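**Q**
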Amino acid sequence: MFILLSTPLREAVGLNMDRPAWSAKSKQRWPSCSALLLLLGMGSLVFPLRLSAETPKPALTVTSTRPEIRDWPENLAAVGRILPWREVAVGAEIGGERIRQVLVDLGAWVEAGKPLVVLDDLALRIACDQAQAALAEAEAALAEARANAKRARQLKGTAGLSEQQAERDLIAEQMAQARLEAARARLAETELRLARTRINAPVAGIVSALHAIEGALVQPGQELVRLIHDGRLEWRAEVADTLIHRLAPGMSAWVQTPDGGRIEGQVRLIEPSIDPRTLTGRVLVQFPVAETRDRLRPGMFVRGSFALGHTLALTLPQTAVQLEQGQTRVFVLGRDQRVHALEVKIGRRLGDRVEVLSGLGPEDQVVERGVGFLNDGDLVRIGGP
345 MFILLSTPLR EAVGLNMDRP AWSAKSKQRW PSCSALLLLL GMGSLVFPLR LSAETPKPAL
405 TVTSTRPEIR DWPENLAAVG RILPWREVAV GAEIGGERIR QVLVDLGAWV EAGKPLVVLD
465 DLALRIACDQ AQAALAEAEA ALAEARANAK RARQLKGTAG LSEQQAERDL IAEQMAQARL
525 EAARARLAET ELRLARTRIN APVAGIVSAL HAIEGALVQP GQELVRLIHD GRLEWRAEVA
585 DTLIHRLAPG MSAWVQTPDG GRIEGQVRLI EPSIDPRTLT GRVLVQFPVA ETRDRLRPGM
645 FVRGSFALGH TLALTLPQTA VQLEQGQTRV FVLGRDQRVH ALEVKIGRRL GDRVEVLSGL
705 GPEDQVVERG VGFLNDGDLV RIGGP
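Here's what the structure looks like:
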């Protein structure tokens, strides 16, 4: 590197570039000149660095906004399971017979009165024929007894029929009448057992459980089919004991479905007791049958909310909120065109806006976009959207 010196400077350091040779005196001055030249060279390197360090950081262009007060719906979130509104167990009312045919399958919709299971009825049909024959025999015996009793009443007290015989004929009529009634009862019982070999749906609903197996021997009271009454499902939501007092029957509620949609319903019942282990109460929400079919299934664990009403909320665009190291903060614009990070507490979310619960006022001006590039104290310039 060459350094050009002016004439006065050359004279000051004792250099004369025009002289062909240096004097002894000049040679003695050479170390001092070298030191001065070295200092000048280092200064030329350090000075630009100092200028660069003192150059201010360029201002970032951002957009700003102010918090808005809006009328927002207030909801209470909860979780719970989808369960049948009411289940009906359908079983065998007779025993000792085998299952001949199963007419339904799991998940099938059945109308009230539709046959579900058919038992083997051969033995009962034979018994029914025997009971009918016994009834016919009893009817014939009664007819004979009535004829004898009629004759006894006519000849009673005459020489043609003794008193004892007349009494026997009258008693025989009564016994024949009793035997006829017994035969009729046996026939009715047998016919009833025969009818019960066809197990029908007592109510309309969806088959939620099926225990019937063709060929299996059934016992009285054995459950064969379980139905969801009318196919109605309900959400049994678990709500904290400190919040359950805010709910009431008839309130609107909804659950999120696995397909990303939601189904709306109403609070049907709030159970009076609180679970001492979980400190939660159970709230039962019913839904229209047409809405839940093929979208909700018993046993599902779903999330949902209860509509509590509307309240005023201080809101900001979600883009104005930054999550940094577990803290939620916004950048407030100061009068010096510098931003200051301010920690806030957020609440509800609706669309592209969030509710600010604390830390900010409606008069504050905050950065709306570009917060991810900012640090506390940065100089900014307000630009358009």
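Basically my numbering = 1-based index in the sequence shown + 344.
Where is the CB? At the ideal position from N, CA and C, for every residue including glycine.
All values derive from a computational prediction rather than experimental measurement.
#1: Can you give me the C-alpha to C-alpha distance between A477 and A484, rounded to a whole angstrom?
#2: Going by beta carbon distance, what residues of the same chain come within less than 7 Å of L514, once the five residues before and after it are set aside?
#3: Identify whether E455 lies in helix, strand or coil by the three-state DSSP scheme.
#4: Can you tell me where the alpha helix (DSSP H) holding Q600 begins and where it ends?
#5: In the stretch 612 to 688, which residue ranges form an unbroken alpha helix (DSSP H) of at least 4 residues, counting only runs that do not cross its ends?
#6: Are the beta-carbon atoms of G575 and V633 separated by less than 7 Å?
#7: When you compare the stretch 404 to 413 with the stretch 436 to 447, are there three or more beta-carbon pairs, one atom per stretch, that lie closer than 8 Å?
#8: Can L677 and K689 be called in contact, C-beta distance under 7 Å?
#9: Alpha helix (DSSP H) containing T534: first to last residue?
#10: Note down, in chain order, each residue of its chain lying with its Cβ closer than 7 Å to the Cβ of L623, except the 5 sequence neighbours on either side.
#11: Can you find at least 3 beta carbon pairs, one from the stretch 518 to 536 and one from the stretch 415 to 432, that sit closer than 8 Å?
#12: So who's on the other strand from P428, going by DSSP bridges?
#13: What distance in whole Å lies between the Cβ atoms of L718 and L404, which are believed to be in contact at a cut-off of 8 Å?
#14: Are A581 and V627 closer than 7 Å when you measure CB to CB?
#15: Just the C-alpha distance for L393 and H684, rounded to the nearest angstrom, thanks.
#16: Nearest-angstrom Cα distance between E558 and E533?
#17: On the DSSP letters alone, give me the boundaries of the beta strand (DSSP E) that N544 sits inside.
#18: If you drop the 5 nearest sequence neighbours on each side, which residues of the same chain put their C-beta closer than 6 Å to that of Q563?
#19: Quick check: the Cα distance between S370 and D680, rounded to an integer number of angstroms?
#20: If you check the beta carbons only, do I607 and F645 fall under 7 Å apart?
#21: According to DSSP, is N419 part of a helix, a strand, or is it coil?
#22: Kindly identify the DSSP beta-bridge partner or partners of Q563.
#23: Taking the Cβ atom as the reference point for each residue, do G648 and V599 lie within a distance shorter than 7 Å?
#24: When DSSP labels each residue in this structure, what does G439 get in the three-state scheme?
#25: Apart from the five residues on each side of it in sequence, which residues of its chain come closer than 7 Å, Cβ to Cβ, to E635?
#26: Where V698 and G705 are concerned, what is the direct C-alpha to C-alpha distance, given to the nearest angstrom?
**A** On the basis of the coordinates in this document:
#1: The sequence position of residue 477 within the sequence shown is 133, counting from 1. The sequence position of residue 484 within the sequence shown is 140, counting from 1. Taking the straight line joining both Cα atoms gives about 11 Å.
#2: As a first step, residue 514 must be located in the sequence shown, where it is residue number 170. So the list reads A493 and A496, once near-sequence residues are dropped.
#3: Residue 455 sits at position 111 when you count from the first residue of the sequence shown. Reduced to three states, the DSSP call for E455 is coil.
#4: Locating residue 600 in the sequence shown gives position 256, counting from the first residue. No alpha helix (DSSP H) contains Q600, which is instead part of the beta strand (DSSP E) from S596 to Q600.
#5: 633 to 636
#6: Along the sequence shown, one-based indexing puts residue 575 at 231. Along the sequence shown, one-based indexing puts residue 633 at 289. Going by C-beta atoms, G575 is nearer than 7 Å to V633.
#7: no
#8: Residue 677 sits at position 333 when you count from the first residue of the sequence shown. Residue 689 sits at position 345 when you count from the first residue of the sequence shown. No, they are not a contact pair.
#9: On the sequence shown, position 190 is the one that residue 534 refers to. From DSSP, the alpha helix (DSSP H) with T534 extends over E507 to A539.
#10: On the sequence shown, residue 623 is found 279 positions in, with the first residue counted as 1. So the list reads A584 and D585, once near-sequence residues are dropped.
#11: no
#12: The residue you call residue 428 lines up with position 84 of the sequence shown. Paired residues: L577.
#13: Indexing the sequence shown from 1 puts residue 404 at position 60. Indexing the sequence shown from 1 puts residue 718 at position 374. Their Cβ separation, rounded to whole angstroms, is 7 Å, which keeps L404 and L718 in contact under 8 Å.
#14: Locating residue 581 in the sequence shown gives position 237, counting from the first residue. Locating residue 627 in the sequence shown gives position 283, counting from the first residue. Yes. Within cutoff.
#15: One-based indexing of the sequence shown puts residue 393 at position 49. One-based indexing of the sequence shown puts residue 684 at position 340. Bear in mind that the predicted position of L393 carries a pLDDT of just 43, short of 50, making it unreliable; the figure below should be weighed with that in mind. In a straight line, the C-alpha of L393 is about 29 Å away from that of H684.
#16: Sequence index remark: in the sequence shown, residue 558 carries index 214 (1-based). Sequence index remark: in the sequence shown, residue 533 carries index 189 (1-based). Computed Cα separation, rounded: 25 Å.
#17: Numbered from 1 along the sequence shown, position 200 holds the residue referred to as residue 544. Residues R542 to N544.
#18: Residue numbering aside, residue 563 sits at position 219 when the sequence shown is read from its first letter. The residues are G439.
#19: Translated into the one-based positions of the sequence shown, residue 370 becomes position 26. Translated into the one-based positions of the sequence shown, residue 680 becomes position 336. Residue placement at S370 is poorly supported in this model, since its pLDDT is 45, which falls under 50; the coordinates still yield a value, given next. Each residue's alpha carbon lies about 59 Å from the other.
#20: Within the sequence shown, numbered from 1, the residue matching residue 607 stands at position 263. Within the sequence shown, numbered from 1, the residue matching residue 645 stands at position 301. No, they are not a contact pair.
#21: Walking along the sequence shown from the start, residue 419 turns up at place 75. In this structure, N419 counts as strand in the three-state DSSP scheme.
#22: Reading the sequence shown from its first residue, position 219 is the one you call residue 563. According to DSSP, Q563 bridges with nothing at all.
#23: The sequence position of residue 648 within the sequence shown is 304, counting from 1. The sequence position of residue 599 within the sequence shown is 255, counting from 1. Cβ atoms of G648 and V599: closer than 7 Å.
#24: In the sequence shown, residue 439 corresponds to position 95, counting from 1. Reduced to three states, the DSSP call for G439 is coil.
#25: Locating residue 635 in the sequence shown gives position 291, where the first residue counts as 1. Result list for E635: I607, in chain order.
#26: One-based indexing of the sequence shown puts residue 698 at position 354. One-based indexing of the sequence shown puts residue 705 at position 361. Near 14 Å, if we compare the C-alpha coordinates of G705 and V698.
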